[in-house]
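Data first, discussion second: the structure below is written as structure tokens.
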Amino acid sequence: AAQEGFDPEDIEGELAAAGHGPLPRLAVVGRPNVGKSTLVNRIIGRREAVVQDKPGVTRDRVTYEAEWAGRRFKVVDTGGWEQDVLGLDASVAAQAEFAIEAADAVVFVVDATVGATDTDEAVVKLLRRAGKPVVLCANKVDGPSAEADAAMLWSLGLGEPHPVSALHGRGTGDMLDAVLEALPEAPAQTFGATVGGPRRIALIGRPNVGKSSLLNKVAGEERVVVNELAGTTRDPVDELIELGGVTWKFVDTAGIRRRVHLQEGADYYASLRTAAAVEKAEVAVILIDASESISVQDQRIITMAVDAGRAMVVAFNKWDTLDEERRYYLEREIETELGQITWAPRVNVSAATGRHMEKLVPAIETALAGWETRIPTGRLNAFLGEIVASHPHPIRGGKQPRILFGTQAGTRPPRFVLFASGFLEAGYRRFIERRLREEFGFEGTPIHISVRVRE
Ligand code: GDP
Ligand code: GDP
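Heads up: the sequence shown runs through residues 162 to 616, numbered per the working numbering.
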């Protein structure tokens, strides 16, 4: 029930202010060392140092939420992915390709002190062909004397170069104003929110966990409806596969099938592929090799799917190779390593023998159902009222923050907005999430809770 001092009539305005609904995506691309990561840090206002001294340090996260002038958007950081055997031009091109596929606007960063290189020119061609709005960032313009360097970048034909010092913050505000103009209000391709057509599955996992084996197994045993979709420029990227009487679309399977990028050190390209597939999918099936220890790379892939807000199933593959001892240690590892996704349905499969393949579809359906669950406002508030009564927030500084009212602002994944009389501590928010899950399920889906404080 609504509390004193709270006007439920105002809810629409509050939700709009909180920027709910799918957010537009901004990708930051450019050659290594031009300052992409420094710029991303600026944009998201991150305090922790993410720029590393060591080149090629891979970071765990790809997408961040940012806010400028009251508008929220996602920033896709391509700076942290490793350079690899593909070479400089290919890896920068892959970034651009990813940005083109997954972003609504692009910030193209050039080092103004170096000027436009051949690699920069090549990226410009790719970006222009794609027709996505591009904001040109002339970086490392640390003072007025370097403004002339920035002006040289008019030659790229991308319009006005915005002179910026990502390091010191100079010019970033003006550049972000231009970014907001370039960004649509909502993502053009609201992949996660599109209704209709076959449900989209991303089959992801680090190299050699068995993705292509699993895909072949499920596609081989069932009728393959369409192997190549028309309308894609290059490869057949998506495959329609019938499972359990339903047609599913496995997205971005070209990278799985081709297996050309699996040589040592190709993590960079693999990360891009994975991120692009996750963006397009509704549900991610994360494949983990049960015969090996759960790795940092597995974790990174899971984080990508959680950050993207996708429904999720975890499949432990190569179950046929496990002995008693490994099974024991695997369970321990799952407890310690996979704490962030205890809510994801789990299946233990073998792509080699076909073990438990039939459990995959029900798990996917469960996850999608959780992802789409909507709790009526009345029921949610009855539940919140009980929590507030039985487990009030601890008193802080003589005050007791109270949840006044809550509403589910969206689904796919479920997003909640709680209106409170004061700041709710992280521990209390985690408690609310845990209780929400106990009460309403939400199996297989991340849930998002934001708190608006009413003065
Ligand atoms: P990335 O590889 O494109 O992500 O580049 P980084 O953000 O890691 O930056 C590469 C180097 O350039 C780092 O040593 C940064 O401190 C430096 N750098 C980034 N932005 C600026 C800037 O605006 N001015 C100056 N002088 N240095 C910068
Ligand atoms: P991808 O790189 O993730 O596509 O992995 P692959 O499908 O190419 O599989 C990597 C290796 O693991 C291959 O040698 C497969 O034969 C093997 N493999 C895949 N699934 C299983 C499984 O369930 N059991 C066993 N024993 N081997 C498997």
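Quick reminder that beta carbons are idealized off the backbone N, C-alpha and C, glycines included.
Per DSSP, K286 lies in no beta strand (DSSP E); the unbroken alpha helix (DSSP H) holding it starts and ends at 279 to 291.
Under the three-state reduction of DSSP output, T538 falls in the helix class.
A contact is defined here as three or more CB-CB pairs under 8 Å, and the stretch 497 to 514 fails this definition with respect to the stretch 541 to 556. In the structure shown, D413 adopts coil according to DSSP, grouped into three states. Relative to L337, the option among V189, R598, G304 whose CA is nearest is V189.
Straight through space, the alpha carbons of T464 and V444 are spaced by roughly 14 Å. Collapsing the DSSP output to three states places K560 in a strand. Taking C-beta atoms as the reference points, R535 and T572 count as a pair closer than 8 Å. Non-local C-beta neighbours of A469 in its own chain, meaning closer than 7 Å and more than five positions away in sequence, comprise T224, V439, E440, ordered along the chain. Remark: the C-beta of D481 is in contact range of ligand 2, defined as less than 7 Å to any heavy atom. Closer than 7 Å to some heavy atom of ligand 1: that does not describe the Cβ of A543. Secondary structure of L328 (DSSP, three-state): coil.
In this structure, G567 lies away from L585, with their beta-carbon atoms at least 8 Å apart. Listed as beta-bridge partners of T224 by DSSP are V237.
No Cβ-Cβ contact shorter than 8 Å links L491 with V340.
One alpha carbon belongs to G515, the other to R488, and they sit about 19 Å apart. Cβ-Cβ distances below 6 Å link S374 to A512 in the same chain, with the five nearest sequence neighbours on each side left out; the list follows chain order. Separation of L328 and A437 (C-alpha to C-alpha, rounded to the nearest whole angstrom) is 29 Å.
Annotation: S306 to P324 spans about 11 Å, alpha carbon to alpha carbon. Nearest neighbour of T278 by Cα position, chosen from A291, R290, M313, A309, turns out to be M313. It is roughly 55 Å from the alpha-carbon of E486 to the alpha-carbon of R290.
Contact between the stretch 228 to 237 and the stretch 400 to 411 is absent: fewer than three C-beta pairs spanning the two stretches fall below 8 Å. Taking C-alpha positions only, E496 is separated from I455 by approximately 11 Å.
For P523, the three-state secondary structure derived from DSSP is helix.
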